[in-house]
Amino acid sequence: MQSKLHNNIEFLKGVGSKRAEILQKELNIFTWNDLIHHFPFRYVDKSKFYRIEEINEDTQFIQIKGVLKSMQLIGANRKRRLQGTFEDDSGSIDLVWFAKTDWIQKALKTGVEYVVYGKPKKFGRSFSITHPEIKTAGEIVKQNHSLEPVYNTTEKMKKFNLDSKGISRLQMNALEQLNHTELTEILPLDVLDAYKLLSRNKAYHEIHFPNTEESLSKAIFRIKFEELLLIQLRLLRSKINRNIQNKGFVFEKIDNKFQEFYEKYLPFELTGAQKRVLKEIRKDTLSGKQMNRLLQGDVGSGKTIVSLMTMLMAIDNGFQACIMAPTEILAQQHMDGIADLVKAAGIRCALLTGSVKGKTRKQLLLALAEGEIDILIGTHALIEDSVVFKNLGMVVVDEQHRFGVAQRAKLWKKNTQPPHNLVMTATPIPRTLAMTLYGDLDVSIIDELPPGRKPIQTIHRRENSRLAVFGFIDKEIKKGRQVYIVYPLIEESETLDYNHLMDGYESVKRQFPELAISIVHGKMKPADKEYEMKRFVEGKTQIMVATTVIEVGVNVPNASMMVIESAERFGLSQLHQLRGRVGRGAEQSYCVLMTGLKLSNESKARMNIMVETNDGFRIAEEDLRLRGPGDIEGTQQSGIADLRLASLSKDNKILMLAREVATRILNDDPFLDKHENVFLKEYMIAQHQQKGWGRIA
Ligand code: ADP
Ligand code: MG
12 MQSKLHNNIE
22 FLKGVGSKRA
32 EILQKELNIF
42 TWNDLIHHFP
52 FRYVDKSKFY
62 RIEEINEDTQ
72 FIQIKGVLKS
82 MQLIGANRKR
92 RLQGTFEDDS
102 GSIDLVWFAK
112 TDWIQKALKT
122 GVEYVVYGKP
132 KKFGRSFSIT
142 HPEIKTAGEI
152 VKQNHSLEPV
162 YNTTEKMKKF
172 NLDSKGISRL
182 QMNALEQLNH
192 TELTEILPLD
202 VLDAYKLLSR
212 NKAYHEIHFP
222 NTEESLSKAI
232 FRIKFEELLL
242 IQLRLLRSKI
252 NRNIQNKGFV
262 FEKIDNKFQE
272 FYEKYLPFEL
282 TGAQKRVLKE
292 IRKDTLSGKQ
302 MNRLLQGDVG
312 SGKTIVSLMT
322 MLMAIDNGFQ
332 ACIMAPTEIL
342 AQQHMDGIAD
352 LVKAAGIRCA
362 LLTGSVKGKT
372 RKQLLLALAE
382 GEIDILIGTH
392 ALIEDSVVFK
402 NLGMVVVDEQ
412 HRFGVAQRAK
422 LWKKNTQPPH
432 NLVMTATPIP
442 RTLAMTLYGD
452 LDVSIIDELP
462 PGRKPIQTIH
472 RRENSRLAVF
482 GFIDKEIKKG
492 RQVYIVYPLI
502 EESETLDYNH
512 LMDGYESVKR
522 QFPELAISIV
532 HGKMKPADKE
542 YEMKRFVEGK
552 TQIMVATTVI
562 EVGVNVPNAS
572 MMVIESAERF
582 GLSQLHQLRG
592 RVGRGAEQSY
602 CVLMTGLKLS
612 NESKARMNIM
622 VETNDGFRIA
632 EEDLRLRGPG
642 DIEGTQQSGI
652 ADLRLASLSK
662 DNKILMLARE
672 VATRILNDDP
682 FLDKHENVFL
692 KEYMIAQHQQ
702 KGWGRIA
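Going by this note's numbering, 423 is the number at position 412 of the sequence shown; the sequence numbering is gapless.
#1: Measuring CB to CB, does THR371 end up less than 8 Å from THR338?
#2: Skipping 5 residues on each side, what residues in its chain have a beta carbon closer than 6 Å to that of SER103?
#3: Report the three-state DSSP secondary structure of TYR276 (helix, strand or coil).
#4: I need the straight-line Cα distance from ILE696 to ASN252, nearest angstrom please.
#5: If you reduce the DSSP assignment to three classes, tell me which class LEU306 lands in.
#6: For the alpha helix (DSSP H) that VAL622 lies in, which residues bound it at each end?
#7: Would you say ALA437 touches the ligand MG, meaning its beta carbon is less than 7 Å from a heavy atom?
#8: Can you list, in chain order, the residues of its chain whose CB lies under 7 Å from that of LYS24, leaving out five sequence neighbours each side?
#9: Bridge partners for PHE138 per DSSP, in chain order?
#10: Any idea what DSSP makes of MET535, helix, strand or coil?
#11: Please indicate yes or no: does the CB of THR321 lie closer than 7 Å to some heavy atom of the ligand MG?
#12: Excluding the 5 residues preceding and the 5 following GLU224 in the sequence, name in chain order all residues of the same chain whose CB lies nearer than 8 Å to its CB.
#13: Give the secondary structure of GLU144 by DSSP, where H, G and I count as helix, E and B as strand, and everything else as coil.
#14: Helix, strand or coil: how does DSSP classify GLU98 here?
#15: Taking DSSP's pairing of strands, which residues face ARG473 in a bridge?
#16: Under the criterion of a Cβ to heavy atom distance below 7 Å, does THR315 qualify as lining the ligand ADP?
#17: Excluding the 5 residues preceding and the 5 following GLY365 in the sequence, name in chain order all residues of the same chain whose CB lies nearer than 8 Å to its CB.
#18: Please confirm whether ARG655 and HIS219 have their CB atoms less than 8 Å apart.
#19: For THR315 and PRO430, what's the separation of their Cα atoms in angstroms?
#20: Between LYS15 and LEU203, what straight-line distance do the alpha-carbon atoms span, to the nearest angstrom?
#21: Enumerate in chain order the residues of its own chain whose CB-to-CB distance from VAL494 is below 8 Å, with the five nearest sequence positions on each side excluded.
#22: Between which two residues does the alpha helix (DSSP H) carrying SER226 extend?
#23: Hey, could you find the ends of the alpha helix (DSSP H) ARG30 is sitting in?
#24: Going straight from the alpha carbon of GLU525 to that of ASP409, what length do you get?
#25: Just the C-alpha distance for ILE682 and ASP453, rounded to the nearest angstrom, thanks.
#26: Given a cut-off of 8 Å, decide if GLU124 and LYS167 are closer than it, judged by their beta-carbon atoms.
#27: According to DSSP, simplified to helix, strand and coil, what is GLU124?
#28: Compute the Euclidean distance between the alpha carbons of GLU187 and SER226, then round it to the nearest angstrom.
#29: Can you grab the Cα-Cα spacing for the pair ILE145 / ARG92, in whole Å?
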């Protein structure tokens, strides 16, 4: 059945080809369905009148009741404007029109009581409203909706009468034709009953034309719930499908290499959290289902050893394993760390990156295909078609947010039966976000640092304490430590940032003429970058001046201090990631956040959180609260981009409820085949086809 919902917006009463084009361009509205999902961003209470004396520079759209005292045309030709003086008993304000002046002058009468609606702006000493909405006081009384929706529009739209009012008229035209046969209920009746949800049809009417505050908030709840429920259903469905399609290898034995490594070569006692995660993984690899597990753990929490032991489980059962890292340096560090640890146990490791070429590469690929390599460590190079395993059983992806979904999916294809998957991230993700971004993955968390770590001490200093900070750097270096100094480099002001970095580098050189200093930034050739990084890693330089390119994974335990320049320009999560580069050794480490003298309240809040806590999860929660989820990597691929109304930072409770309801529905009816779920299923299929969704974790 072709529903009116999918009609082209052009054919809605009041639109036509020109406005259709504008709605498409400006708001991505192509169909009637798109239109009714363009929700008001706020509502004006039209039962409330402001007094003119209450107006100040922060005043938004308001409604005033008063008398039009006078009107006059000012200026000539194109600069001509009509100006009116409007008064209530508390003061007066100017009303200004630049267009249709003749018509307006005729239509309005001085001495009559009007209600004016608009946003006051300050000009000189007085306030004025340009192109106000104006009605006689009598007309207002007749209106029955007191909550008036306000829609986002653009200047361009306004030229074609598509201001907020204009959009509201279109919503009315659409909803008049889209009654409950079009806006069919999709939720099962018992869910509607259990949570006293408005029907779908009613919810859309109420959100665009609210009758009361209460019915409006019910409409908002219903629509948010539906948005979140659909995402959860989709994620949980894809998990069910995957479990059916992909049988998992069963790793029965762990009595050989795993055992040997655990007993003889493990260099330290595992933390409780590491043991718990390994048990979770063990259970997955025995279940007969494919493992798809996200391992979250703050920087330095010891994810590598967990991934190594996971790979040993595969090896004990005759499989190969691989670990993919986002940069050559990280891959190299894994190689250095892992190969050494397992050499004695007779495990064969190899490193494959873009710089492994020619004969070495050929030999490596041959050995891999023959099964003579147990663990392949590398970068993106691993996913190339020429890389063929004999029998790949376990894939580990480190710092997974650096890879696209498609890249990860390619690794699965390296075996006829897909391998188990462990993806790791040091970017803690708040629960609500994880549930939505990675809702189809099982999640393990390492929430405990290895013993003996001293929490990093973070301090906030302003520009005027620079000398003291230099003194601090000097002290640390005299103790034999190394220091990072990090500068922001953000594209839009690249040249300025670059100069800032170079000035900084020069002043550090002047300050510490006797020291060896590395510099690394994005404009350098990759080979030069690697070279400079390596010098610092090997302790040949004492100070590393860099941009955020050092953010991910680099491990220099001797680095005990990080100075972050212009710290106010970084987001919380990024500050936390950067800070994680220090505090990796046994020494007390420090992080100094340098900022300008004047800070916005939000920047101050960010600095305070950083000074207060080292807890990545708490920081992630605050970050989500301050910035919203939009900036967090990966959100574009998930359903988050489709959330029109629900917010992951604010609608925690509704999300939990949606997850719970989705789980219950699917437990009872995994394929949504029961008659009560039939509309839900149809809707999800249609949605899927429209968006071309298909997501592999
Ligand atoms: P991340 O989770 O950031 O990848 P790593 O795996 O690199 O952390 O571990 C950081 C450091 O902690 C490494 O030097 C590692 O050897 C060490 N480490 C890991 N687990 C333990 C443990 N249980 N006890 C002591 N040190 C540990
Ligand atoms: Mg790591």
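Even glycine gets a Cβ: it sits at the ideal position worked out from N, Cα and C. As the structure is a computational prediction, the values presented were derived from the model and not from experiment.
The answer reads as follows:
#1: The residue given as residue 371 occupies position 360 in the sequence shown. The residue given as residue 338 occupies position 327 in the sequence shown. Contact: no.
#2: Here the question's residue 103 lines up with position 92 in the sequence shown. Same-chain partners within the cutoff: THR96.
#3: By 1-based counting over the sequence shown, the position of residue 276 is 265. Three-state DSSP puts TYR276 in a helix.
#4: As a working mapping, residue 696 is identified with position 685 in the sequence shown. As a working mapping, residue 252 is identified with position 241 in the sequence shown. So the alpha carbons of these two residues sit roughly 14 Å apart.
#5: Indexing the sequence shown from 1 puts residue 306 at position 295. Residue state, collapsed to three classes: strand.
#6: As a working mapping, residue 622 is identified with position 611 in the sequence shown. That run of the alpha helix (DSSP H) goes 612-623.
#7: Reading the sequence shown from its first residue, position 426 is the one you call residue 437. In this structure, the ligand MG has a non-hydrogen atom nearer than 7 Å to the beta-carbon of ALA437.
#8: Taking the first residue of the sequence shown as position 1, residue 24 is located at position 13. Taken in chain order, the residues that qualify are ASN184.
#9: Locating residue 138 in the sequence shown gives position 127, counting from the first residue. In DSSP, PHE138 forms a bridge with LYS133.
#10: On the sequence shown, residue 535 is found 524 positions in, with the first residue counted as 1. In this structure, MET535 counts as coil in the three-state DSSP scheme.
#11: Numbered from 1 along the sequence shown, position 310 holds the residue referred to as residue 321. THR321 Cβ: outside cutoff for every heavy atom of the ligand MG.
#12: Within the sequence shown, numbered from 1, the residue matching residue 224 stands at position 213. LEU158.
#13: Looking up residue 144 in the sequence shown gives position 133. Reduced to three states, the DSSP call for GLU144 is strand.
#14: Locating residue 98 in the sequence shown gives position 87, where the first residue counts as 1. The answer is strand: DSSP assigns GLU98 an E or B state.
#15: Within the sequence shown, residue 473 is the residue found at index 462, counting from 1. Paired residue(s): THR606.
#16: One-based indexing of the sequence shown puts residue 315 at position 304. At a threshold of 7 Å, THR315 counts as near the ligand ADP, since its beta carbon sits closer than that to one of the ligand's heavy atoms.
#17: Reading the sequence shown from its first residue, position 354 is the one you call residue 365. Its chain contains GLU339, THR390, HIS391 and ALA392 as the residues whose beta carbon lies nearer than 8 Å to that of GLY365, once the 5 sequence neighbours on both sides are disregarded; these appear in chain order.
#18: In the sequence shown, residue 655 corresponds to position 644, counting from 1. In the sequence shown, residue 219 corresponds to position 208, counting from 1. Here ARG655 is not near HIS219, since their CB atoms are 8 Å or more apart.
#19: Counted from its first residue, the sequence shown places residue 315 at position 304. Counted from its first residue, the sequence shown places residue 430 at position 419. Answer to the nearest angstrom: the Cα atoms are 19 Å apart.
#20: The residue labelled residue 15 in the question sits at position 4 within the sequence shown. The residue labelled residue 203 in the question sits at position 192 within the sequence shown. As the crow flies, the alpha-carbon of LYS15 is around 25 Å from that of LEU203.
#21: Translated into the one-based positions of the sequence shown, residue 494 becomes position 483. Short of 8 Å from the beta carbon of VAL494, and not among the five residues preceding or following it, lie these beta carbons of its own chain, in chain order: ILE484, GLU487, ILE488, GLN553, ILE554, MET555, ALA570, SER571, MET572, MET573 and VAL574.
#22: Taking the sequence shown and counting its residues from 1, one reaches residue 226 at position 215. Segment 224-256, the alpha helix (DSSP H) holding SER226.
#23: Residue mapping note: residue 30 aligns to position 19 of the sequence shown, counting from 1. Its alpha helix (DSSP H) spans residues 27-38.
#24: To locate residue 525, count along the sequence shown from 1; it is residue 514. To locate residue 409, count along the sequence shown from 1; it is residue 398. For GLU525 and ASP409, the distance between alpha carbons rounds to 38 Å.
#25: Within the sequence shown, residue 682 is the residue found at index 671, counting from 1. Within the sequence shown, residue 453 is the residue found at index 442, counting from 1. Reading off the sequence shown, one finds Phe at residue 682, where the question assumed Ile. So the two alpha carbons sit approximately 20 Å from each other.
#26: If you number the sequence shown from 1, residue 167 lands on position 156. If you number the sequence shown from 1, residue 124 lands on position 113. Going by C-beta atoms, LYS167 is not nearer than 8 Å to GLU124.
#27: Counting from 1 along the sequence shown, the entry for residue 124 is found at position 113. Strand, per DSSP.
#28: For the purposes of this step, residue 187 is taken as the residue at position 176 of the sequence shown. For the purposes of this step, residue 226 is taken as the residue at position 215 of the sequence shown. The alpha-carbon separation between GLU187 and SER226 amounts to approximately 19 Å.
#29: For the purposes of this step, residue 145 is taken as the residue at position 134 of the sequence shown. For the purposes of this step, residue 92 is taken as the residue at position 81 of the sequence shown. Looking at the backbone, the Cα of ILE145 and that of ARG92 are separated by about 17 Å.
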